[in-house]
Amino acid sequence: DATCTIQLTCNGLGKGCTPGFWKTHPEVWDSYTDPVIAGGNNGAIPGLPAGLQFITTTSFNTYFGLVAGDAYLLNGKTMLNATQQNGGGCNALARHGVSALLNAAAFGNDYLSFVGFGVTSYQDLYNALKTAFKTGNCTALATKLGEINTAFDINGICSNLSKATPNPAIANKLNQLVTIASDADQSDLKVSYYPNPFRDRITFNFVSPVSGRATLEVYNIAGQRVAVVFDGTVRAGIANSVNYDAKGKAAGMIIYKLNVEGKTVRGKIQQIK
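Under this note's numbering, the first residue of the sequence shown is numbered 944, with each subsequent residue one higher.
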């Protein structure tokens, strides 16, 4: 026989970053030792399931298992390229979907619990995206992910994420699980390395699509060669791992150059004191 008013205070707002953040901060997810890939900003997911790790250079089609005849393909594009796609439909799902996977890795249930569509885990989200790309039914999921991707940067969590440092224990465990060939286009020469940045020692992993002579060289920022890390014969499709010992050398940016039978890849890595 009376009326009362109760004020509810709701905590636990969702957490997530926009495609704009992920495409302008590739340094957060361009290595398997980066915070997002190696367990996330808050440890909600202690490393992605084996086989589901990806970084900026991972082939989009390979990661989602997309082949000729599927409704949507991004031929020759990487996961970073996907965050840069314009337009609606499956293009929208490509940029928001890859961002959603990164958000799920970084923030766990603080992101996943807002997705809907029966998604309660990282694996569920991956499966939903894969099905949408294969069938072309992208709009509904793209709209939902777009809404939450643009609503959740609370109190600068994304800028804080860009300043996070890797968890070495998780990073080392992940690097034991990662086989470069599993997420690489086999027509390409791929290189990964850890840790990044590094102090005295860094490990390079690479897989060549062809057999033959391979050289892996390290240069300083002035373009002077400072070391030949590997010079030998490799077999197609076989993972190779070599170490570079920089102890006693001046810290700074190094440039690596891998050449196998005319195929060459280069990259920059920061060495710190």
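In this text, a Cβ means the ideal position worked out from N, Cα and C, and glycines have one as well. Note that the structure is predicted; figures quoted are calculated from it, not measured.
Supposed contact pair residue j and residue i - C-beta distance, whole angstroms, cut 8 Å
i       : j       : result
LEU1017 : ASN1029 : With a Cβ gap of about 13 Å, LEU1017 and ASN1029 do not count as contacting.
LEU1036 : LEU995  : The Cβ separation is near 18 Å, so there is no contact.
THR1078 : ALA1014 : 6 Å
LEU1201 : LEU1132 : 7 Å
GLU1160 : VAL1171 : 5 Å
THR976  : TYR1137 : 5 Å
Per-residue burial, residue i [other beta carbons within 10 Å of its own, 16 or more giving buried]
i       : result
ARG1254 : Shown here, the chain extends from 944 to 1216; a query on residue 1254 therefore has no answer.
LEU1167 : It should be noted that the sequence gives Gln, not Leu, for residue 1167. Per the 10 Å Cβ criterion, exposed.
GLY983  : The predicted position of GLY983 is uncertain, since its pLDDT is 45 and thus under 50; a value taken from the coordinates is nonetheless stated next. The residue in question, GLY983, is buried, as its Cβ has 16 or more Cβ neighbours within 10 Å.
ASN1183 : buried
ALA1075 : buried
PHE1060 : exposed
GLY1099 : exposed
GLY1195 : exposed
ASN1118 : Any reading at ASN1118 is ruled out, since the residue's pLDDT is 45, under 50, leaving its predicted position unreliable.
ILE949  : exposed
GLY1051 : buried
GLY957  : buried
ILE1113 : For ILE1113, the predicted model reports a pLDDT of 46, less than 50, meaning its position is unreliable; a value from the coordinates is still stated below. Its Cβ being crowded by 16 or more others within 10 Å, ILE1113 is buried.
VAL1010 : exposed
ILE1181 : exposed
ALA945  : exposed
CYS947  : exposed
ASP1053 : buried
Beta-carbon proximity of residue i to residue j, cut-off 8 Å
i       : j       : result
GLY959  : ASN1070 : no
ILE1215 : TYR1162 : no
LEU1023 : PRO969  : yes
TYR1233 : PHE1147 : Given that the chain is displayed from residue 944 to residue 1216, the structure contains no residue 1233 and the question cannot be resolved.
ALA1165 : ASN1092 : no
THR1026 : PRO962  : yes
VAL1185 : SER1151 : no
Per DSSP, cross-strand counterpart(s) of residue i
i       : result
TYR1199 : VAL1161, GLY1210
PHE1173 : LEU1159
THR1146 : TYR1137, ASN1186
THR1225 : Residue 1225 falls outside the range modelled here, since the chain spans only 944 to 1216, and no answer is possible.
ARG1168 : TYR1162
Write down every uninterrupted run of the alpha helix (DSSP H) in the region 1034-1077 whose length is 4 residues or greater and which is fully enclosed by it, in chain order.
-> As far as the region 1034-1077 is concerned, its whole alpha helix (DSSP H) runs of at least 4 residues are 1052-1055.
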